[in-house]
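Residue numbering for the sequence shown follows my numbering, starting at 198 and increasing by one per position. Where a beta carbon is used, it is the ideal one built from N, C-alpha and C, also for glycine. Since the structure is predicted, the reported quantities are computational estimates derived from the model, not experimental observations.
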Amino acid sequence: MAKYKRILLKLSGESLMGEKQYGIDEKRLAEYAEQIKEIHEQGVQIGIVIGGGNIFRGLSGASKGFDRVKGDQMGMLATVINSLALSSALVATGVKARVLTAVRMEPIGEFYSKWKAIECMENGEVVIMSAGTGNPFFTTDTGSSLRGIEIEADVMLKGTRVDGIYTADPEKDPTATKFDDITYDEVLKRGLKVMDLTATCMCKENNLPIVVFDMDTVGNLKKVISGEEIGTLVHN
Numbered sequence: 198m199a200k201y202k203r204i205l206l207k208l209s210g211e212s213l214m215g216e217k218q219y220g221i222d223e224k225r226l227a228e229y230a231e232q233i234k235e236i237h238e239q240g241v242q243i244g245i246v247i248g249g250g251n252i253f254r255g256l257s258g259a260s261k262g263f264d265r266v267k268g269d270q271m272g273m274l275a276t277v278i279n280s281l282a283l284s285s286a287l288v289a290t291g292v293k294a295r296v297l298t299a300v301r302m303e304p305i306g307e308f309y310s311k312w313k314a315i316e317c318m319e320n321g322e323v324v325i326m327s328a329g330t331g332n333p334f335f336t337t338d339t340g341s342s343l344r345g346i347e348i349e350a351d352v353m354l355k356g357t358r359v360d361g362i363y364t365a366d367p368e369k370d371p372t373a374t375k376f377d378d379i380t381y382d383e384v385l386k387r388g389l390k391v392m393d394l395t396a397t398c399m400c401k402e403n404n405l406p407i408v409v410f411d412m413d414t415v416g417n418l419k420k421v422i423s424g425e426e427i428g429t430l431v432h433n
């Protein structure tokens, strides 16, 4: 039995690289599609936002001399490429999927609106919302917070490479300890890099809980949806 009726699933672009150094790993993509299919079959309404860091990241481009606005626009297009790849992988498993874009680019995807997204989800489609917020200076974390609030999701599930939120980066600090749950105020006070500040504050103000979990372990998405206590819950 699914714990949540409607979710916003945030996937990082980097994790789509899988074993590769760049771009999209088809094996990882297929694993993600199968995991999403599993929870879709339980009747969960699914909205997805994917980052673009496996292809291009505006901020790192700006540090190498790119104009920040153009860099961010390139990053938005990278998220569209990832969204098309995931929608293709989902359709291959028999799941209906639709790509909506925050910037007009028909026929690649339809222009995003809250009502379009909700209508599609209620009709049993997985909706992938791409191109961030459509504005520079906003990350896909902020994009996913915004979309999660707009589509009235019960929770944001942030799929990452680590199995939750730690006191420090567990890949760098072996003494880091994991939180089972934590409040937004505590995240902000400790300066934990769960998401960027704008995204964290938006979720706090609009009371959208987040579960940070390891999406790269097959079966974890279904466990989160079933209410198993894996990952870290962030709440007010």
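For residue i, three-class secondary structure by DSSP
i	result
G424	coil
V396	Per the sequence presented here, residue 396 reads as Ala, with Val not at that position. Helix.
D413	coil
R225	helix
A350	coil
L405	coil
D378	strand
S209	coil
T339	helix
L389	coil
S284	helix
I243	strand
E307	strand
V359	coil
M214	coil
A294	strand
Short Cβ contact (9 Å threshold) for residue i with residue j
i	j	result
T364	Y381	no
G356	K207	yes
D264	G329	no
G210	G249	yes
T395	T339	yes
E216	V415	no
D360	I427	yes
I407	V352	yes
G258	M271	yes
Nearest residue (CA-CA) to residue i, options the options
i	options	result
D222	D269, R265, A286	A286
V288	E319, G250, I233	I233
K313	P304, M198, V324	V324
T276	L256, V266, T298, K261	T298
S280	K267, R295, D351	R295
I252	S260, E235, I236, M273	M273
G255	T337, K224, Y201	T337
N403	A350, I236, A259, G388	A350
G388	P371, K369, I362	I362
N393	G331, F335, D370	Before going further, note that residue 393 is Asp rather than Asn in the sequence given. Nearest of G331, F335, D370 to D393, Cα basis: F335.
Beta-carbon proximity list for residue i, same chain, < 7 Å, skipping 5 on both sides
i	result
R344	L205, G244, V246, M326
L226	L213, A282, L283, A286
E347	K311
V266	P333
G220	M214, N251, I252
Y309	L297, T298, A299, M326
Cβ distance (whole Å) where residue i is taken to contact residue j below 8 Å
i	j	result
I422	V241	6 Å
M412	L405	The Cβ separation is near 19 Å, so there is no contact.
E319	K293	With a Cβ gap of about 12 Å, E319 and K293 do not count as contacting.
V384	V409	At roughly 10 Å, the Cβ-Cβ gap does not stay under 8 Å, so V384 and V409 are not in contact.
N433	K401	6 Å
G424	K200	4 Å
S342	M302	That pair is no contact at about 23 Å.
is_contact[residue i, chain D] using C-beta, thresh 9 Å
i	result
V352	No chain D appears in this structure, which consists of one protein chain only.
8 Å CB neighbourhood of residue i in its chain, flanking five on each side removed
i	result
P367	V359, A373, K375
K224	G215, E216
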